[in-house]
Every structure is written in C-alpha cells, then in structure tokens.
Amino acid sequence: MPEEKSMSNGNQSDSTLTRRQKLLSTLVIFRRSLIYQTKEFFQNSTLHGVRYIAETGRPIGEKFMWFCFTSIGAVTALVIIMSLWEKFQTNPTITGLDTDFHNQNVVFPTTVVCPEAGFDFDKAYETVYKTLANYDPSKAALFAPFLNLLTTLNFENIKDAQTFGEPIPQEQLMEHTIRDWAFRAHISCENTLVSCKYRDEEIPCCAHFEPIYTEHGFCYAFNSRFKSTETEDIKTGAPHDLYETDKKWALFFVPNSTARIFIFSNEEYFGSDFNAQIDWSESQLVEVRISKKNTYTTDDARQLSIGQRKCIFSDEVKLNYFPDAYTFSSCMKQCRMNKAIKLCKCNPPFYKPISNVPMCSIKDFGCLNDFKMNITNIKDCLQCELSCSKTVFNIDKLIKIVDRPESPGVLVEFLTWPIIRYKREVLFGWVDLLVSFGGIASLFLGFSLLSGVEIIYFFTLRACCMVYKNRQELYEIEERIRHEPPPAIDLQLKLKSHSNFMNDSIPTSAVLQVKPVAEGDVVNHSWTRQRKNEKDYFNYSKGLYRTPKVLPEHGYSNSTTKEKWLHDHSQYLP
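Residue numbers (this note's numbering): -9 to 564.
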C-alpha cells in the first residue's frame, strides 16, 4: 500500500510537471508568434511610414528617420486629441440669445416678507400662560421668550434657544414638537401686511401671501411654491402669471413693521441660500425695478454628462425630500438636512418635516450648535449643480424714499417686458468628437477605425490562430534560433571586407563571383564603353589630388589574397 501511494503521488507530480511544461512551451511559441505577427504588421500595415521601419534591407539611418517621423506624427496627434478631449469635457456647450421671447411664460417672482419680530407677544404669552406656566404669571413671563425665539430659530441663535428652554419642565415641553410651539407664537398675516395690489388691482393679502417657516424664521411669501404648517410643507397651487397685455406688471404691498424683502424665482425653495435685497422700515417707499433673465438648455445636452454641461435637468435627478422637480436650492437644503440627520439623528424644526425621521427637540439643540459649521458648510454639497432651466431676477433700479408717511410700501415692478432669454445648446458632441479624432489621426498617421481593428486582429486572433495552426513551424523556428551560434566578435582594428576569406569554398557575402571572359564569348561593347567612361572620370578625379590615389588593402597584404581580392572586386574598379 505505501508503494502504491508513492507511485500515485509520483504519477500526479509527473502529470503536473507535464502540464506546466506544455503551458510553458505554449507561452514560448506564443511569444514567437507575437514577434512574427509584429513583423507582419509592420510590413503590411496601412499606417503611414510604419512599413519602412521594419523593412528588411533598409539602412539603419533610413529606419531611424522614418521612426522619428512616425513618432513626431503620433505625438502631435496625441497632443491635439488630448486638447480636443479637454475641450469636450470642460466646455462642450455654448450659450446664445433666443429670439422667440413672445411665447415664453412669464411667472411673477416669489416675493417673501420676513418681519423683524416674527412673533406675536400677546399670543405667545397667552399660550405659555395656559400650558407651560400652568396659569402662573411669573413663569409665563419667564417662559415666553423661548417661544418668541422659536419663531426666528436658526443655527445662529439655537444656543440661545437652548438656554431659554432650560427652565421649562421637559415633560410639558415634550407634549408638542418645537415646530408646533413655534406656530403657536408666530405673528399672523393680518399683523404683517396692511394692503396689497397685484397688476394694479386690490387683492386680499392673506389669500395670496402664504406662511413659510425656514432658516429665516416665520415669513409670508407671495407666489411661493410651498407653504408651511405645523406638520408638513404643502405644495401651493398654480403660480401667478403675467401677460404682455396686463395693465401693470407689478406687485405693491405695505408691511406693518420693519421687514426684510426677498425676491427670487418661483422655481426655487426658500432657505438660507438667499439674501435679502431690501431692508424696509416704517414710513419708507421702496420702488424696485426688476428684469428677468431665463436660461434653458436644449434636450441635445442630455447626451453629455452632468459634469460636462454643469447643470441638471429637472427630471434627471429625483431628490428624496423634494421629489417634485430638481432645483439647486432644494438640493442644497436636502444636503443640509442629510448632514443634520447624520450628525444629530434628528431633523431641525425649521426644515421640512420628514415622516420617518424624528424632529429635533430642545435636548438636541446642543448637538446642532456643535455641528452647525459642518451642517452649513457648502463644500460638502458639491454634488449640487445648477438647474438646466434657471431664472434670475436682477434689480436694475432701486428707489428708496425715506420720509413718505402718507404712502409707504414696497413696489416690485418689471422695468420692461422680459425679452432676454438665453439658450444653451451642444457645441461639441460625441459625433463631433469622433469626427475630430478621426481627422487628426488620419492626417498625421493615416489611422482609421479599421486600422484599430487591424491591430487587434494581428495581435490577438491571428497570433492565437498561428499558435494552434502552425505550432510545428513555430517550434522549428524557435529551436533553430535557440541553437544558432552567436556571431563572432572580432576585436581587431583592421578594416575587412564583407566576409571572411579563410574558407575558399564559401562565396563572399553580397559580392558576385565574376569570371574572366573566355575567347569565344561575345563582348558587350556598350558595357565596354561605359567602363571606358568610368575610367576617364576616374583619371580626371585622380588628377585633382596632388598625391596619387592609394586603395586600401583591407587586410589583403600578401600577393595571393590580393589577387583573390582583385578577382572578386574587379567589376567595381575602373
């Protein structure tokens, strides 16, 4: 049994060795096949100048010359192709004016009024007196500032809110969410706006200005795409449009107290990304003349990546918390929400409520305060690109009259009918890139798509087929090259002819054996005349030198070898 086991182990080792030897031999002949196919490719390639590099019999100087020419062409083509590729990646679109401005839909911009004091003191005191203070006036006066601060809550004052909320019993404060407490104390629309006009017609302010709760606190927005409630943000109805035949393209309203005014596109979500354009105070008349500039991108740009066109179509990326349509402001707001949820495991109360995420309570304010720099850092939201359809409202003219107590207010009006519209379209697409690449490669190298297929064919399919179809020939070539002796190395400094004359039976390389003319042979007189002309030229050139022309012996010093040399080279002598 031990002998049989040892024999089986020996057979297994022999079979393993045999498989390794077969694999090694296959690799060796595959290498020889690749070398052969390389020579075949260089000799039969359609690329310009390549065949002269590997052609047998060409002088080394000529081969080097064509190698330099081919290399220069390849490098030049590569440099130009890389520059075209960089242009395709960084600037493949062009923006121009769109002349079809009469058919565009003009939506009045969203106008947000944020009062400086977003709370109603009496309303907040009454709420605290009946709930948190349990009808205790002293406690109500102590707890009321906490509710007042909730109406303007943001990352800057969240530490103060935590301080004001510490004396409040937590079990009573947890009966409602922080957002719910803020809605119980916010200022009403009637106390925020006095009167309103749209298109030079009186309108009820509170029917068109909706409450919104964001990082800017409690505000009232005209023509906003959402409104806020205690439990959610609700999408509003159709926006207010303008028509070229309207009597006036304007909105006029009178705030009740000092307020900040924001003007932006109806497509965006209001948040900390926006800055106030107007700071209004009592007894002021502010007239704002605005202009609209809309930029849209054609559908041809969808063939480009988001990084190339640097914008995102409204239906291209679906946001989790704002699924209606993609905008830059909604993406930035969702980014801040995600970071707050990740760091503090809750959603801040001034953001849109999320059903499966708990809302931050007063005990989470410390965490939000600690990570407020991380949450509000825009460098962590680089994935948010601009929308491919973007509208910007510019203030062309701002008139502020300070002392106007008889007719205060804010007037937001279009200076002229919007006629400026920009269109982004593809300047350099995939087809243009392919045509450019093909033209450059063909100009400098004669390269085409079929040339690339030819390269793959020679070095993959053809090389492998040669291994299996001409295996025996490859073995013979490999064995012949392996057993071929290396060329002799002569360290002598003497100049010698093309071959060694030690062996008289072997003719000299690249030199014809010329026999003397027999008596019966016919002499070619044309050749004789040519020889005579050559001799005359030789005598003439010889006379130009002061010293006679001495031919080198090239190693043939004795008379026998010299006669042999004259016999072989007499056809080249004049």
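Note that CB positions come from ideal geometry on N, CA and C, so glycine has one too. The structure displayed is predicted, hence computed values, not measured ones.
* **Nearest-angstrom Cα separation, counted from residue 402 out to residue 281** => Near 10 Å, if we compare the C-alpha coordinates of residue 402 and residue 281.
* Asked: Which word fits residue 95, buried or exposed, when buried means at least 16 other C-beta atoms lie within 10 angstroms of its C-beta?
  -> Burial check for residue 95: the Cβ neighbour count within 10 Å stays below 16, so the residue is exposed.
* **Coil, strand or helix - residue 38 by DSSP** => Assigned with DSSP and collapsed to three states, residue 38 falls in coil, not helix or strand.
* To do: State the beta-bridge partners of residue 387 as determined by DSSP.
  => Beta-bridge pairing links residue 387 to 279.
* Asked: Is the number of C-beta pairs between the segment 206 to 221 and the segment 102 to 122 that are closer than 8 Å three or more?
  -> In short, these stretches touch, since the Cβ pair count reaches three.
* To do: Would you list the residues sitting across from residue 286 in a DSSP beta bridge?
  => Paired residue(s): 413.
* Between the Cα of residue 413 and those of 44, 89, 46, 43, spot the shortest distance and give me the residue it belongs to. => Ranking 44, 89, 46, 43 by Cα distance to residue 413 puts 89 first.
* Drop a sphere of 10 angstroms on the beta-carbon of residue 155, count the other beta-carbons inside from all chains shown, and report buried for 16 or more, exposed for fewer. => Burial call: buried.
* To do: With DSSP as the reference, label residue 404 as helix, strand or coil.
  => In the three-state scheme derived from DSSP, where H, G and I count as helix and E and B as strand, residue 404 is classed as strand.
* Asked: Three or more beta-carbon pairs under 8 Å between the segment 134 to 153 and the segment 161 to 178, yes or no?
  -> The segment 134 to 153, when compared against the segment 161 to 178, does touch it at the 8 Å Cβ threshold.
* Identify which residue in 221, 348, 82, 112 has its Cα closest to the Cα of residue 575. => Because the chain here runs from -9 to 564, residue 575 falls outside it and cannot be looked at.
* residue 102 bridges to which residues according to DSSP? -> DSSP, once it has assigned bridges, lists 211, 252 as partnering residue 102.
* Between residue 323 and residue 364, is the Cβ-Cβ spacing less than 9 Å? -> Result no, Cβ atoms of residue 323 and residue 364 do not sit closer than 9 Å.
* Asked: If we ignore side chains and look at the alpha-carbon of each, how far apart do residue 160 and residue 400 end up?
  -> About 43 Å.
* Leaving out five residues before and five after residue 465 in sequence, what residues of the same chain have Cβ atoms less than 7 Å from its Cβ? -> The answer, listed in chain order, is 19.
* To do: Run through the segment 344 to 398 for me and flag every whole alpha helix (DSSP H) of 4 or more residues, listed as ranges in chain order.
  => Annotation: the segment 344 to 398 contains the following complete segments of the alpha helix (DSSP H) (minimum length 4 residues), in chain order: 355 to 360, 362 to 365.
* **Distance between residue 294 and residue 419 (C-alpha atoms, nearest Å)** => Computed Cα separation, rounded: 7 Å.
* Asked: Do residue 254 and residue 383 have their C-beta atoms within less than 9 Å of each other?
  -> Closer than 9 Å, so yes.
* Taking residue 98 and residue 232 to be in contact with their CB atoms under 8 Å, please state how far apart those CB atoms are, rounded to whole angstroms. => Confirmed, Cβ separation roughly 6 Å.
* To do: Please report how far the alpha carbon of residue 447 lies from the alpha carbon of residue 458, in whole angstroms.
  => Taking the straight line joining both Cα atoms gives about 16 Å.
* Asked: For the alpha helix (DSSP H) that contains residue 188, what are its first and last residues?
  -> Element bounds for residue 188: not the alpha helix (DSSP H) but the beta strand (DSSP E), 183 to 188.
* To do: To the nearest angstrom, report how far apart residue 391 and residue 242 are at their CA atoms.
  => Going from the Cα of residue 391 to the Cα of residue 242 covers about 15 Å.
* Below 7 Å CB to CB, which residues in the same chain sit around residue 37 once its five sequence neighbours on both sides are set aside? => Result list for residue 37: 435, 436, 437, 441, in chain order.
* To the nearest angstrom, how far is it from the Cα of residue 314 to the Cα of residue 429? -> If you draw a straight line from the Cα of residue 314 to the Cα of residue 429, it is about 45 Å long.
* Relative to the alpha-carbon of residue 416, which residue among 286, 171, 135 has its alpha-carbon at the smallest distance? -> Of the listed residues, the one whose Cα sits closest to residue 416 is 286.
* Taking buried to mean at least 16 other C-beta atoms within 10 Å of its own C-beta, is residue 63 buried or exposed? -> Flag for residue 63 reads buried.
* Give the secondary structure of residue 471 by DSSP, where H, G and I count as helix, E and B as strand, and everything else as coil. => Of the three classes helix, strand and coil, the one that applies to residue 471 here is helix, per DSSP.
* Residues bridged to residue 24 (per DSSP) -> Answer is none; residue 24 lacks a bridge partner.
* Hey, residue 301 and residue 375: beta-carbon distance below 9 Å or not? -> Yes, the Cβ-Cβ distance between residue 301 and residue 375 is below 9 Å.
* **residue 259 versus residue 221: straight-line alpha-carbon distance, rounded** => The alpha-carbon separation between residue 259 and residue 221 amounts to approximately 18 Å.
* To do: Tell me whether residue 65 is buried or exposed, calling it buried when 16 or more other Cβ atoms sit within 10 Å of its Cβ.
  => Residue 65 is exposed by the Cβ-count criterion.
* **Outcome for residue 194 when other beta-carbon atoms lying within 10 angstroms are tallied against a minimum of 16** => So residue 194 counts as exposed.
* What does residue 641 pair with, by DSSP beta-bridge criteria? -> Lying outside -9 to 564, the shown extent of the chain, residue 641 is not represented and no answer is given.
* Taking residue 267 and residue 385 to be in contact with their CB atoms under 8 Å, please state how far apart those CB atoms are, rounded to whole angstroms. => The C-beta separation of residue 267 from residue 385 comes to about 6 Å, placing the pair in contact by the 8 Å criterion.
* Going by alpha carbons, who is nearest to residue 398 out of 196, 50, 270? -> The shortest Cα separation from residue 398 among 196, 50, 270 belongs to 270.
* When you compare only the Cα positions, how much space is there between residue 345 and residue 84? -> In this model, residue 345 and residue 84 are separated by some 43 Å (Cα to Cα).
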